[in-house]
Amino acid sequence: MAKSADPKRIYIARRAGLAARLVSVARISPESAEHWVTQWEAEAARRGIDGHSELWWRPAWEWIAEQRHG
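Every position in the sequence shown, counted from 1, becomes a number in the working numbering once 20 is added.
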């Protein structure tokens, strides 16, 4: 029987992936990436988006780009 996925571990992995993408693609420092991911977490909470939902991750990149360049 396959072990069910742990939502907390998935969240942590996706969060780390978003920060890594910001560092590698947007070419920002790890500290700045952490700042923007934290800002997105707060924005997503204000919007009522569940952090364990795929919907949480889809708009994150675009929102961060808008905030950084807006």
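In this text, a Cβ means the ideal position worked out from N, Cα and C, and glycines have one as well.
Quick caveat: nothing in here was measured; it's all calculated off a predicted structure.
In the DSSP assignment, find the unbroken alpha helix (DSSP H) run with arginine 78 in it and report its ends.
-> Arginine 78 -> no alpha helix (DSSP H), and no H or E assigned at all.
For the alpha helix (DSSP H) that contains arginine 53, what are its first and last residues?
-> It is alanine, not arginine, that sits at residue 53 in the sequence shown. Unbroken alpha helix (DSSP H) run through alanine 53: 50 to 67.
Assign alanine 25 to buried or exposed, taking buried as 16 or more other Cβ atoms, counted over all protein chains shown, within 10 Å of its Cβ.
-> Exposed, by the Cβ-count rule.
Going by the CB atoms, is the gap between glutamate 63 and tryptophan 83 shorter than 8 Å?
-> For tryptophan 83 and glutamate 63, yes; Cβs fall inside 8 Å.
Outcome for alanine 33 when other beta-carbon atoms lying within 10 angstroms are tallied against a minimum of 16 = Per the 10 Å Cβ criterion, exposed.
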